[in-house]
Amino acid sequence: MPELPEVETIRRNLADKVTERVIKEVDLLLPRLIKWPSPGEFQAILTGKRITKLGRRGKYLLFYLEDDFVLVVHLRMTGRLYFIQAGVERDKYTRILFTFDNRDTLQYADTRTLGTLYLMKESELWRISGLQHMGPEPLTAEFTEAYFSDRLKKRQGKIKPLLLDQTLVSGLGNIYADESLALAGIHPEKSAAQLTGKECKALYAAVNQVIAEGIADGGTSFRDYRDGNGQRGEHQKHLRVYGRHNEPCCVCGTPISKIVVAGRGTHYCSRCQIK
DNA sequence: AGGTACTCCTGAAGGC
DNA sequence: TGCCTTCAGGAGTACC
Numbered sequence: 000m001p002e003l004p005e006v007e008t009i010r011r012n013l014a015d016k017v018t019e020r021v022i023k024e025v026d027l028l029l030p031r032l033i034k035w036p037s038p039g040e041f042q043a044i045l046t047g048k049r050i051t052k053l054g055r056r057g058k059y060l061l062f063y064l065e066d067d068f069v070l071v072v073h074l075r076m077t078g079r080l081y082f083i084q085a086g087v088e089r090d091k092y093t094r095i096l097f098t099f100d101n102r103d104t105l106q107y108a109d110t111r112t113l114g115t116l117y118l119m120k121e122s123e124l125w126r127i128s129g130l131q132h133m134g135p136e137p138l139t140a141e142f143t144e145a146y147f148s149d150r151l152k153k154r155q156g157k158i159k160p161l162l163l164d165q166t167l168v169s170g171l172g173n174i175y176a177d178e179s180l181a182l183a184g185i186h187p188e189k190s191a192a193q194l195t196g197k198e199c200k201a202l203y204a205a206v207n208q209v210i211a212e213g214i215a216d217g218g219t220s221f222r223d224y225r226d227g228n229g230q231r232g233e234h235q236k237h238l239r240v241y242g243r244h245n246e247p248c249c250v251c252g253t254p255i256s257k258i259v260v261a262g263r264g265t266h267y268c269s270r271c272q273i274k
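Heads up, the first sequence is in numbering that gives the first Met the number 0, so the first residue is 0 and it goes up one at a time.
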């Protein structure tokens, strides 16, 4: 599942290939993925537009266009974005196809079709509530230890689902949430309010570290994720707990446990991560 | 308001 | 082998 490191890897792959390119044609093979505006308007506005910049906010990719428009893409579970040169066959699951002036294409592929695309003026991005209410990003000046600890202190619920709450900190999904808790040595079901100052500090550092490691490795290809060139990431080789059910903990050798927390598969070491 | 449950979706995997 | 059920999970929504 694409989380911040995967989306950032895709952004870096695609940036040089798509900036300054003009979209000549838009094929909507599955129009219902377009959430705003209508599919017809989406197609009409995009056609002939030049891409000026490729940005990212949390797990959203932002294609800035001329005339102050922005094409927003959220990959959700199985979305993929590929740049494919003219003449090369497209992905079996391509749902939206953007063709550039020399027939090169940008393809939005998605097996489970849960992804979402939007097109609007930059001044109207507030319409996307996920963007509007998004919390600070790891590895930025806005994401401070004081902010993080303050927010955690006020919450009674389990820490794991809080790490998935994009209004608290943006970009973490199930993989990096489990990895952050493992690195910090915190049980996923521990109440956030009961974390000690030392634990808050360790978790803050861990969130930044696992996100930085994920980006450095070009993302985690656990199942569906591929980068903008269709390549797998490397970070699945360095995971501490995610997807390692029954395999030995890399610190103490205890078999990794898998439980369900707030409806999400959750991996942790029962010896290193105490409640 | 914070917390929980349900919904969307389809291929892979597991049970019998 | 084949049919059926379950699972994967981001995020919007409904509801208490």
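Ideal Cβ placement from N, Cα and C applies to all residues, glycine included.
Can you check whether the CB of phenylalanine 147 is closer than 8 Å to the CB of tyrosine 203? yes
Closest to asparagine 245 by C-alpha separation, out of Arg239, Lys236, Glu7, Ile255, would be which residue? Ile255
Report yes if the C-beta distance between glycine 156 and leucine 163 is below 8 Å; otherwise report no. no
Alpha carbon to alpha carbon, what distance is there between aspartate 177 and aspartate 216? 17 Å
When we look at the beta-carbon of glycine 232 and count the other beta-carbons within 10 Å, is it buried (16 or more) or exposed? buried
Does the segment 13-26 come within contact of the segment 100-119, defined as at least 3 CB pairs closer than 8 Å? yes
Just checking my contact of arginine 94 with leucine 29 at CB under 8 Å: how many whole Å lie between their CB atoms? 4 Å
Same chain only: Cβ atoms within 8 Å of leucine 53, ignoring 5 sequence neighbours per side: Arg10, Leu13, Ala14, Val17, Thr18, Leu60, Leu61, Phe62, Tyr63
How about isoleucine 158 and isoleucine 185: are their beta carbons less than 8 Å apart? yes
Near methionine 133, which residues of its chain fall below 7 Å by C-beta distance, leaving aside the five closest residues on each side in sequence? Arg56, Gly57, Gln165, Thr166, Ser169
Put leucine 80 into one of helix, strand or coil per three-state DSSP. strand
Where does the unbroken beta strand (DSSP E) through tyrosine 267 begin, and where does it stop? 263-267
With distances taken from CA atoms, which of Ser269, Arg49, Leu70 is nearest proline 36? Leu70
Per DSSP, glutamine 106 is paired with what? Tyr81, Leu96
Beta-carbon within less than 7 Å of glutamate 40's beta-carbon, same chain only, minus the 5 sequence neighbours each way: which residues are those? none
Helix, strand or coil: which one does DSSP assign to aspartate 216? coil
Looking only at DSSP bridge pairs, what is methionine 0 linked to? None, per the DSSP bridge assignment.
If glycine 227 sits next to leucine 118, beta carbons under 8 Å apart, how far is it from one beta carbon to the other, in whole angstroms? The pair is not a contact, with the Cβ atoms about 20 Å apart (cut-off 8 Å).
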